[in-house]
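Numbering (numbering that gives the first Met the number 0), first residue to last: 0 to 670. Glycine included, C-beta positions come from ideal geometry on N, C-alpha and C. Structure first, then comments.
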Amino acid sequence: MSRERLDWLRHEVERHNRAYYVLDAPEIPDADYDALARELRDLEAAHPEWVEPGSVSARVGAPADPAFGPVRHAEAMLSLDNVFDDEEFDAWSERTCRTLGLASEELLVSVEPKIDGLALSITYRGGELVQAATRGDGEVGEDVTANVRTIAGVPSRIGATGHLEIRGEVYLARSDFGALNERQRQHGERLFANPRNAAAGSLRQKDPAVTAQRPLSFLAYHAVVITGDPVAASQGELVERLAAWGFSTAAETRVVRGVVRVRERTRWLEAHRYDLGYDVDGAVIKVDDLAARERLGSTSRAPRWAIARKFAPEERITTLRAIEVSIGRTGRATPYAVLDPVVVAGSTVSLATLHNEDQVIAKDVRPGERVVVRKAGDVIPEIVRSVVTPGVERPHSWTFPRTCPECGGPLRRLGDESDTYCVNPACPAQLLQQVVHFASRSALDIEGLGEQRVAQLIGAGLVTDVADLFRLRVDDLVGLEGFGEVSARALVEAIAGSRGQPLSRVLVGLGIRHVGPVAARALATWFAHYEDLAGASLEELEAVEGVGPVIALSVYTYVREPDTVARMAALAAAGLTVTEEPVATGGALTGRAVVVTGSVPGYSREGAEGAIIDRGGTSPGSVSRKTFCVVVGDAPGAAKVSRARELGVPLVPAGEFAHLLETGAWRTTLE
Ligand code: IVH
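Now the structure itself:
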């Protein structure tokens, strides 16, 4: 069994190597590839009798493409061994210290970002760039000299004598990648899966003029002296020298002593991985002293003096179980993927949005297939593409349903929008979301009226419009499942208590497009009464501070819709009395900037922001020295948290949010 597994693994690793290195079109995410390679290595370690010379596990990269001339590297271009957690890293550092006769707190290493690009070796003789080559199989690479000469960040002359090879990474900055793919799209050319593939595809062009148009960057991190004087005695010195010669080097590189510092620095890099402007998939930790490196040596695959500490992968493979459609409060039908749960970037993902019909068509993902799921930083999980195995028949493609899964009414695409809508105004799903939104914390703030209860009220025929809420009587509720006399009375009282909410909350509750708590407050302080707002001209609306033309037009149109007029009349008839906007002075957070990261239980993002603004505060999107505190919810943004730590801004747990709103202070902070 394991022999068969071994053969299969060799075959798979070989196949994926080719897809990655030769075709620049990987089929599976790096993390899944790493898992296969690691299983192969472990199996070979457990069965040394099965190890064959030349096994894929002992090799690096893939053979060079004959379209580019072969270049034999003066010194092999090795890969790096990977570690995936602190324990594995500790094992590496113990081994290293043992060989060098050092205690673990004495080891001096450089910690650098592991740039997700492709390795390049540039040969200089007498200071002149004479050749540049890709890694190829580690021994022989591809001659890409003409292409590399077009890269702005590669100096054609450096102040060095002798014969040396400068090694580093060719990559595309994230922003350049976005722009490049946009251009590809406009020209009807194939889109690149990620910045690494785009960089590889751009560097390995037959025509250097094409490479010249691609915004490639190069970061140098290593030098091999073939003849001539040594360039440095340590990695720290080497990086300085490279920079002095005109190469870009990773500004985040730090030389630190001891495993504790290494861990700290690695964690810092992981927390800042989205701030670097280019993709990084780990940290590279290298013994700083170049003489010590000699003593450690290398295996056939990788140096013993360096190790790659991989970060939590952003992409994983899982099975797409089904594509379903959810109906929002405007009737918008959003397709989403139901997935076999998988851990991506540190959290479990089982649902991912597919945005709209065009996206599903563009991605051509089909239920039953394996798909690549991506989650980078704060962003919501996304399906990148299907994993298609050549020769294996694919399941049927998915088609957007023609009828609403909730009410059976027709689904339509309006005009040239990509969104599809349920156009049945009586659709219970739309009504459900409208009422839930109306009652939510940032709107009328009706305690105890969540999605389940609203569904129950609609199901019982008690609510067919938001105005019906104000007509509910205790007797109507008592018979319903889960309602006793006490809970029924509590709900009716909570609804009654919301009758006198200020105008801004009512505006939020109506769900006018583009009008969140901030715009609602601006409008409500300006107009004071709904009637004034409804009667305002477009110019008058635009004149409101904090209201731009988009919001103004949205409000102007909304208040004139017959449905709106009817709804406002119904609300008034049901006893909703909108009160004047209280002036926000003396709130617990007056003049204070509170940043919220991650989700705070019981609040939507907008709701939390609105609550801060209601208390006189502001809620900016980034942390600065002026930030009063950062509220840390579930799945917080690592960058915000570490920035706060750096600046000494207090980190307040989400459980303290209510207390913070009330008092402007907190009782505990996070370490
Ligand atoms: S040092 C002999 N430093 O990662 C030492 N490599 O997975 C060679 N990489 O082949 C590598 N950032 O292409 C080094 N700061 C860095 C790196 C780095 C990215 C790449 C490099 C290497 C691969 C191994």
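Quiz item: Ala242: beta carbon under 7 Å from a heavy atom of ligand 1?
Solution: Taking the Cβ of Ala242 as the reference point, every heavy atom of ligand 1 lies at 7 Å or farther away.
Quiz prompt | Inter-residue spacing [alpha-carbon to alpha-carbon] between Gly407 and Ala151 | solution = Between the C-alpha atoms of Gly407 and Ala151 there is a straight-line separation of about 59 Å.
Practice problem: Measure the beta-carbon distance from Ile550 to Val514 and round it to whole angstroms, keeping in mind my assumption that it falls under 8 Å. | Solution: 6 Å
Quiz prompt | CA nearest to the CA of Arg308, picked from Arg331, Ile316, Glu263, Ser325 | solution = Glu263
Quiz item: What are the boundary residues of the beta strand (DSSP E) that Gln130 is part of?
Solution: 127-133
Quiz item: According to the Cβ coordinates, are Asp280 and Asp115 closer than 8 Å?
Solution: yes
Quiz item: Going along the chain, which residues of its own chain have a beta-carbon closer than 6 Å to the beta-carbon of Val258, five neighbours each way excluded?
Solution: Ser92, Ser103
Quiz item: Does the region 282-298 come within contact of the region 338-348, defined as at least 3 CB pairs closer than 8 Å?
Solution: no
Quiz item: With distances taken between CB atoms, is the gap from Pro404 to Val453 smaller than 8 Å?
Solution: no
Quiz item: What did DSSP end up calling Val578 once you bin it into helix, strand or coil?
Solution: One point to set straight first is that residue 578 is Thr, not Val, in the sequence displayed. Residue state, collapsed to three classes: strand.
Self-check item: For Gly616 and Pro635, the rounded distance between their alpha carbons
Solution: 21 Å
Quiz item: Looking at Pro28 and ligand 1, is the gap between the Cβ and the nearest heavy atom below 7 Å?
Solution: no
Quiz item: Counting Cβ pairs, one atom from each stretch, are 3 or more of them under 8 Å apart for the region 199-211 and the region 25-43?
Solution: no
Exercise. Using beta-carbon positions only, say whether Asp29 and Pro312 come within less than 8 Å of one another.
Key: yes
Quiz item: At which residue ranges does the region 586-621 contain complete alpha helix (DSSP H) runs of 4 or more residues, listed in the order of the chain?
Solution: 604-613
Practice problem: Kindly provide the chain-ordered list of residues whose Cβ lies closer than 6 Å to any non-hydrogen atom of ligand 1. | Solution: Leu77, Ser78, Leu79, Glu111, Lys113, Ile114, Ala118, Glu168, Tyr220, His221, Val283, Pro302, Ala305, Ala307
Quiz item: Using the beta-carbon count (16 or more within 10 Å), is Arg292 buried or exposed?
Solution: buried
Exercise. Check whether the Cβ atoms of Ala466 and Arg566 sit closer than 8 Å, and answer yes or no.
Key: yes
Self-check item: Segment limits, beta strand (DSSP E) that includes Thr210
Solution: Counting along the chain, Thr210 falls outside any beta strand (DSSP E), though it belongs to the alpha helix (DSSP H) covering 207-211.
Quiz item: Which one or two residues does DSSP pair with Val511 in a beta bridge?
Solution: For the sequence presented, residue 511 should be read as Ile rather than Val. None; Ile511 has no bridge partner.
Exercise. List the whole-angstrom C-beta distance separating Ala587 from Gly663, where the pair is believed to meet the contact cut-off of C-beta under 8 Å.
Key: Sure, about 4 Å apart at Cβ, within 8 Å.
Exercise. Look at Ala487 and Val473 and say whether their C-beta atoms are less than 8 Å apart.
Key: yes
Quiz item: On the three-state DSSP scale, how would you describe Cys96?
Solution: helix
Quiz item: Got a sec, what are the start and stop residues for the alpha helix (DSSP H) Gly235 sits in?
Solution: 234-243
Exercise. Say whether the region 214-227 touches the region 235-254, bearing in mind that this needs 3 or more beta-carbon pairs closer than 8 Å, one atom from each stretch.
Key: yes
Quiz item: How big is the Cα-Cα spacing for Pro334 and Gln429?
Solution: 15 Å
Exercise. Specify the secondary structure class of Asp29 as computed by DSSP and reduced to three states.
Key: helix
Exercise. In angstroms with no decimal places, state the Cα-to-Cα distance between Leu669 and Leu650.
Key: 5 Å
Quiz item: Which residues in the same chain as Glu50 place their Cβ atom closer than 7 Å to its Cβ, once the five residues preceding and following it in sequence are excluded?
Solution: The question names Glu, but residue 50 is Val in the sequence shown. So the qualifying residues of the chain are Glu43.
Practice problem: Give me the Cα-Cα distance between Val386 and Val370, rounded to the nearest whole angstrom. | Solution: 5 Å
Quiz item: Going by Cα to Cα distance, which pick from Leu509, Ala527, Pro581 is closest to Val564?
Solution: Leu509
Practice problem: Within its chain, find whatever has a CB closer than 7 Å to the CB of Gly227; leave out the 5 residues flanking it on each side and keep chain order. | Solution: Thr160, Gly161, His162, Leu163
Quiz item: Which word fits Thr463, buried or exposed, when buried means at least 16 other C-beta atoms lie within 10 angstroms of its C-beta?
Solution: Classified as exposed, Thr463 has fewer than 16 neighbouring CB atoms from the shown chains inside 10 Å of its CB.
Quiz item: With respect to the beta strand (DSSP E) encompassing Thr333, which residues constitute its N-terminal and C-terminal limits?
Solution: 331-343
Quiz item: Along the chain, which unbroken stretches of the alpha helix (DSSP H) at least 4 residues long are found entirely within the region 134-196?
Solution: 144-147, 173-185
Exercise. Could you pull out every residue in the same chain whose Cβ sits closer than 8 Å to the Cβ of Thr98, ignoring the five residues on either side in sequence?
Key: Arg294, Leu295, Arg303
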